[in-house]
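Colleague: Input: one structure, supplied below.
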Amino acid sequence: MIENGPLLERLLEGEFICAVTDEHSFHKLQKPQLVEDLNHFLRPLNRRVAKSEDGSVYFLAYCDLNQHARHQLSQQFNATVQSLLPMLEWMQLVQEAMGRDGALGAGDTIKLQDFESKVVDNQSLIQRLAHLSNDKLFKSTSDKSDMQIKQVFKRIKELGYLYQPHKDRLFYIVTGKVEQLIELVRFIKDEENVPIDDDAPEQEAMF
Amino acid sequence: MSTSGEPIRNAKSGAQSNPLFQLGKERLELIGKHADTLMQGYLQGHIDESSFTQQALDKLINGRILWRPDEQHPLCLRPNVNELIAGLTQDERKRQINSDVGEHLDLIHTRVQSLQAARQKGDYAASEHHLQLLTERVHDMTGQFGDAIESLWHRLNTEFGFVSSLDDKILEIELAQRQLRRVLDGFKIINFDDLIQLAGSDGTLRKLLVSQLQARISEHSGSLFEVQKRLILLMARFRHQQERALLVNRMSAFLRQHPNFKVGDYPNRSHVPGVINQAHGIHAQGFIALDRPQDSYALAELARAIPRSLTPPLHSEKQTQGFDTGIQDLVATEQKQLAKDVEDFFLQVIDTTNALSGIEYLAEKELSWEPEMWLFQIVAEYEGLPQQNKNSFILKKDSARKSAFNHLHIIKDISLGMRFFGDFQAVG
């Protein structure tokens, strides 16, 4: 168990472990025996190892949903819901600027320089970036695109959705936490009966 | 497309005397000569007639390289030239999969009959010729399957990179799946019982038509099933991506249109959905503890390893506040010098392990300051340091009571040293 100390600590600190952030630990967590051992240790702390539905990311969840746990979950859930629209808009922005037609997923790489050069070439992307970076999730005060981009990516990295392999290189990899966000979106859509399934696709072209 | 042959073996006698040899060579050369413009035509879908002389155009048309599909249409490459280029360049946009097996089998039957007739007549040369044609035909058929499979693999391995949008990729996969099914259907037409009968007791024919062919076909089928499996996986992945993109786009559009959209209070429901159950982070902190003697060495090592700042921010205008600056203009330079000398003293302290005496230092450096002023400035400098730098030093005042009647203490000397864990030796 000693050798799993660092992993345990990172999980306890609220980190999400996926193949991008820590491939080695990610593979270790796929072993049921280890998860069982960790859970045994985590039990007094009211925590257990959980994973996203598609198994692409591991994190800690509460075992017992007592008052304290629910209070924490409420705060967190509210924060996530608040940040949902800016996060989705960011994903769309990256997707469009980089000319992809699939949504961003774990393992996708983004070179900030490439992204920036694509954005500044396009007036509508510049405006959308400016609007997005102004959101209270990102709180950019700059009116320069490059600073806005840096701020937005820095914040998303802080939120755990991006991983920066080299501190001084502006090169990011999307983490497995994005999968968890997508699952949440899907959950909200189903649970709240958000009427978007049969919407005409033309509608989104307006934006 | 049975142009492949064996030109080397009977080079002199057979092949070169064949009138086909000269004609084929001419036409291949014609293609080579106009490679640039023909490739342009391949990519554009039609030929720019102005880049050829009329004579060259006639040659290319007569050479069955170019044709005009109808009167209004510009000249373009003949289908088999297009196909040749697509095959050579693995250009999956234009590469065709030919899964027609029936014709091959028909021709194989005919060739076998001709071969057997020639053998019965004892015409050795003719039977050799028919055997060669038959071998080619069988190879053409298996080669055609091989090409089809290679093309499918190539498209798979490049993840259909020759089309850019996800929708197109999904259409391409559907196309590939249909092609694959046609090739598999083609395999079913090959009836080995018929071929065994056809070959009869002839060893060469049996080998060619039965054992070799069977081995190739089973190898190809294995490969095709693998392709089929991979195509399904890739399709699932593309569909998944497509679904995600739609979800992201539509949900964000919805949220923009409904800024007051309220999500349910899931954390306080009796059943809390798994997707929102994420424990908040706890930071387990540890501190330096000296209650275990066996740790003290390690801790001291750590303390020594803490990098000392080489140029402590000692120099600051504020530090001279405690000094009397009544006649500022006059003393300003003097005071600066004093501050600088004190700073040097501090640097000296940092550089030595033992504590230093202020008075001794004054004498040693032969500085002209009054001892009282000197000591006062050291104290002022020390007090003016930021707290964390201050903690790095230990300042001891060597003072004595002036008289028995009051509590006035006169500072005689000051010793200043660096603070280390455990090994500061205070002086005096």
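Residue numbers (this note's numbering), protein chains in the order written: chain A, 429 to 635; chain B, 5 to 432.
All residues carry an ideal CB built from backbone N, CA and C; glycine is no exception.
Beta carbons nearer than 8 angstroms to chain A: which residues of the stretch 229-246 of chain B have them?
Modeller: Flagged, chain order: F242, Q245 and Q246.
Colleague: What runs of the beta strand (DSSP E), each 3 residues or longer, lie entirely inside the stretch 105-150 of chain B?
Modeller: You should have found no qualifying run.
Colleague: Do you know whose CA, among B:L228, B:K266 and B:S407, lies nearest B:R2's CA?
Modeller: Coverage of chain B is limited to positions 5 through 432, which leaves residue 2 of chain B absent and any answer about it impossible.
Colleague: Taking the beta strand (DSSP E) that A:M519 belongs to, which residues open and close that run?
Modeller: That residue, A:M519, is in no beta strand (DSSP E); its alpha helix (DSSP H) goes Q495 to A525.
Colleague: If you measure from the beta carbon of A:Q592 to each beta carbon in chain B, is any gap under 8 angstroms?
Modeller: Not an interface residue.
Colleague: Between the alpha carbons of A:Q458 and A:I610, how many angstroms are there, rounded?
Modeller: The straight-line gap from Cα to Cα measures roughly 21 angstroms.
Colleague: For A:K546, report the span of its alpha helix (DSSP H) as first-last.
Modeller: Run containing A:K546: L540 to V548, per the alpha helix (DSSP H) assignment.
Colleague: My guess is that A:V477 and A:L440 are in contact by the Cβ rule of under 8 angstroms, so how many angstroms apart are they, rounded?
Modeller: With 8 angstroms as the limit, A:V477 and A:L440 do not qualify as a contact, their Cβ atoms being about 11 angstroms apart.
Colleague: State buried or exposed for B:F397, treating a residue as buried only when at least 16 other CB atoms are found within 10 Å of its CB.
Modeller: It counts as buried.
Colleague: I want to check one thing, is the minimum distance from the CB of B:V353 to the heavy atoms of the ligand ATP below 7 angstroms?
Modeller: No copy of the ligand ATP appears in this structure; indeed no ligand is present at all.
Colleague: Would you mind reading off the limits of the beta strand (DSSP E) that contains B:M422?
Modeller: Unbroken beta strand (DSSP E) run through B:M422: H413 to M422.
Colleague: Kindly list, in the order they appear in chain A, the residues whose Cβ is closer than 9 angstroms to that of B:G268.
Modeller: Under the 9 angstroms cutoff, chain A gives I616, E619 and E620.
Colleague: Report, in whole angstroms, the separation of the C-beta atoms of B:R123 and B:R141, which I expect to be a contact under 8 angstroms.
Modeller: Between B:R141 and B:R123 the Cβ distance is about 18 angstroms, and since that is not below 8 angstroms, they are no contact.
Colleague: Beta-carbon within less than 6 angstroms of B:I112's beta-carbon, same chain only, minus the 5 sequence neighbours each way: which residues are those?
Modeller: For B:I112, where only same-chain residues beyond five positions count, the Cβ hits under 6 angstroms are R141.
Colleague: Keeping to the same chain, check which residues put their C-beta closer than 8 angstroms to that of B:G432; ignore five residues upstream and five downstream.
Modeller: Bear in mind that a pLDDT of 34 at B:G432, under 50, signals an unreliable position, so the model cannot answer this.
Colleague: Taking Cβ to Cβ, would you say A:K605 is nearer than 8 angstroms to A:V485?
Modeller: For A:K605 and A:V485, yes; Cβs fall inside 8 angstroms.
Colleague: Look up A:V485 in the DSSP assignment and give the residues it is bridged to.
Modeller: A:C446.
Colleague: Beta strand (DSSP E) containing B:D402: first to last residue?
Modeller: Its beta strand (DSSP E) spans residues F397 to R405.
Colleague: Along the stretch 484-509 of chain A, what residues have a CB closer than 7 angstroms to any CB found in chain B?
Modeller: Hits within the stretch, in order: F487, L488, A489, Y490, L493, R498, Q500, L501, S502, Q504, F505 and V509.
Colleague: Can you tell me the Cα-Cα spacing of B:A302 and A:E464, whole angstroms?
Modeller: Whole-angstrom Cα-Cα distance: 35 angstroms.
Colleague: Cα-Cα, which of B:T93, B:G45, B:L32 and B:D40 is closest to B:K63?
Modeller: Selected option, being the one with the closest Cα: B:L32.
Colleague: Exposed or buried, which one is A:K539 when buried takes at least 16 other CB atoms within 10 Å?
Modeller: By the 10 Å Cβ count, A:K539 comes out exposed.
Colleague: Could you name the residues that DSSP lists as bridge partners for B:Y301?
Modeller: DSSP lists no partner for B:Y301.
Colleague: Could you check how far apart the C-beta atoms of B:T139 and B:L92 are, in whole angstroms? I think they sit under 8 angstroms.
Modeller: B:T139 to B:L92, Cβ: 23 angstroms. No contact.
Colleague: Just checking, does the stretch 501-515 of chain A make contact with the stretch 272-285 of chain B on the three C-beta pairs under 8 angstroms criterion?
Modeller: Cβ pair count under 8 angstroms is three or more, so yes.
Colleague: Quick check: is the beta carbon of A:R597 nearer than 8 angstroms to any beta carbon in chain B?
Modeller: No, A:R597 does not count as interfacial toward chain B.
Colleague: Just to confirm before moving on: does the CB-CB distance between B:F258 and B:L170 stay below 8 angstroms?
Modeller: Their beta carbons are not under 8 angstroms apart, which means B:F258 does not touch B:L170 by this criterion.
Colleague: What separation, rounded to the nearest whole angstrom, lies between the Cα atoms of B:N264 and B:Q245?
Modeller: Spanning the two alpha carbons is a distance of roughly 29 angstroms.
Colleague: Please return the same chain residues whose Cβ sits closer than 8 angstroms to the Cβ of B:G49, not counting the five positions on each side in sequence.
Modeller: For B:G49, where only same-chain residues beyond five positions count, the Cβ hits under 8 angstroms are C80.
Colleague: Consider the Cβ of A:D529: report whether some Cβ of chain D lies at a distance smaller than 8 angstroms.
Modeller: Absent from the structure: chain D. Protein chains present are A and B.
Colleague: A:F444 and A:T569 - do their beta-carbons sit closer together than 8 angstroms?
Modeller: Their beta carbons are not under 8 angstroms apart, which means A:T569 does not touch A:F444 by this criterion.
Colleague: List the residues of chain A that B:Q282 touches, going by C-beta distances under 7 angstroms, in chain order.
Modeller: Correct list: F487, A489 and Q504.
Colleague: Please list the partners that B:G150 has in chain A, where partner means a Cβ-to-Cβ separation under 7 angstroms.
Modeller: Within chain A, no residue comes near B:G150; the closest Cβ sits about 33 angstroms away, beyond 7 angstroms.
Colleague: By the criterion of Cβ-Cβ separation under 9 angstroms, what are the contact partners of A:I610 in chain B?
Modeller: The contacting residues are R248, L251 and V252.
Colleague: Are at least three pairs of beta-carbons, each pair with one atom in the stretch 547-567 of chain A and one in the stretch 516-533 of chain A, less than 8 angstroms apart?
Modeller: Judged by Cβ distances under 8 angstroms, the stretch 547-567 of chain A makes contact with the stretch 516-533 of chain A, as three or more pairs qualify.
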